[in-house]
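Participant: 1 is the number of the first residue of the sequence shown in this note's numbering; add one for each residue after it. Ideal Cβ positions, reconstructed from N, Cα and C, are used throughout, including at glycine. Here the structure is a predicted model, which means the values were calculated and not measured.
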Amino acid sequence: MKSKGKLILGLALMTTAFLAVSPVINAMHIMEGYLPLVHAVIWGVIALPFVIGGYFSIRKKIRENRKLLLIFAMAGAYCFVLSALKIPSVTGSSSHPTGTGLGAVLFGALPMAFISVLVLLFQSLLLAHGGLTTLGANTFSMGIVGPFVAVGVYLLTKKLKINRLVGIFLATALSDLLTYVVTSFQLALAHPAANGGFAASLTEFMGIFAITQVPIAIIEGLITVIVIIGFESYARPELKGLGYFEEARA
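1. Identify, in the order they occur along the chain, each residue of the same chain with its Cβ nearer than 8 Å to the Cβ of Ser-141, setting aside the five sequence neighbours on each side.
2. Starting from His-39, trace the alpha helix (DSSP H) in both directions and tell me its first and last residue.
3. Within 10 angstroms of its Cβ, does Asn-138 collect 16 or more other Cβ (buried), or is it exposed?
4. Between the alpha carbons of Ala-235 and Ala-200, how many angstroms are there, rounded?
5. At a cut of 8 Å, does the stretch 143-151 reach the stretch 106-126 through at least three beta carbon pairs?
6. In three-state terms, what does DSSP make of Leu-235?
7. Please tell me whether Leu-68 and Lys-61 are closer than 7 Å, where the distance is taken between their beta carbons.
8. Under 7 Å Cβ to Cβ from Leu-132, same chain only, skipping five residues before and after it: list those, please.
9. Gly-44 and Gly-136 look like a contact to me (Cβ under 8 Å); what is the Cβ gap, rounded to whole Å?
10. Going by other Cβ atoms of all chains shown within 10 Å of its Cβ, with 16 needed for buried, is Val-117 buried or exposed?
11. For Gly-76 and Phe-231, I'd like the C-alpha separation in whole angstroms.
12. Label Val-41 either buried or exposed according to how many other C-beta atoms from any shown protein chain fall within 10 Å of its C-beta, with 16 as the threshold for buried.
In structure tokens form, the structure reads like this:
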């Protein structure tokens, strides 16, 4: 990889800057204790196979090409940096970029499930962003649904022969938005409205999230395109090793 030092330094500085200005909010997507225990367990059970699959997928890719380790680390740091910047939103949750679209486009969806768990655990334990009991639910929305949406959209744009960077923008922006659609679903399922039940609660959660999440998704899409342009300039051999210039993989 060319200019490794510059890339690492830039990423470190970006991380430091975000941590310096990011407010400490006791929430990830869904804060600690906000889901009933049964819901928390079910979401954890659903997420677990994807996390395990992601671990083995990453291990296999790194064994095949050790040079990819740095790219994986950068994707993880990127995910951590973006998801650490939170804006208070619906009661029991917060709005923020997810950062999973970049890794999904580069590695496929499964690896991001494992990376997302690490990111969410780190934020919960060391940054007071809560969420151990809701880790499964947050992993499902941010680390599973989001990345699979990103890969699906990216593959579709390639099939339609849409410009690569436009495809990446659409993939990451829609990945972010669909993450919060799922979060709204999880919250509505756990806390149906007294009048109107699940449907009314879902509509309310999605409406409130949309106010902050639509512009955030657009911004994340643009930032991801800029990062990808940098990777294409300085990490072209590694991207070729990932098959980035051929196809996205789930």
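Facilitator: The structure says:
1. The beta carbon of Ser-141 lies closer than 8 Å to those of His-29, Thr-179, Tyr-180, Val-182, Thr-183 and Gln-186 in the same chain, with the five residues before and after it left out.
2. From DSSP, the alpha helix (DSSP H) with His-39 extends over 37-64.
3. Asn-138 is classed as buried because its beta carbon has at least 16 other beta carbons within 10 Å across all chains shown.
4. Computed Cα separation, rounded: 48 Å.
5. Yes, since at least three Cβ pairs between the stretch 143-151 and the stretch 106-126 fall closer than 8 Å, the two stretches touch.
6. It should be noted that the sequence gives Ala, not Leu, for residue 235. Reduced to three states, the DSSP call for Ala-235 is coil.
7. With contacts defined as CB atoms closer than 7 Å, Leu-68 and Lys-61 qualify as a contacting pair.
8. Answer for Leu-132: Glu-32 and Ser-124, listed in chain order.
9. With 8 Å as the limit, Gly-44 and Gly-136 qualify as a contact, their Cβ atoms being about 3 Å apart.
10. By the beta-carbon neighbour count (other beta carbons within 10 angstroms, threshold 16), Val-117 is buried.
11. A straight line joining the alpha-carbon of Gly-76 with that of Phe-231 spans about 15 Å.
12. Counting every other CB atom within 10 Å of its CB across the protein chains shown gives Val-41 a total below 16, marking it as exposed.
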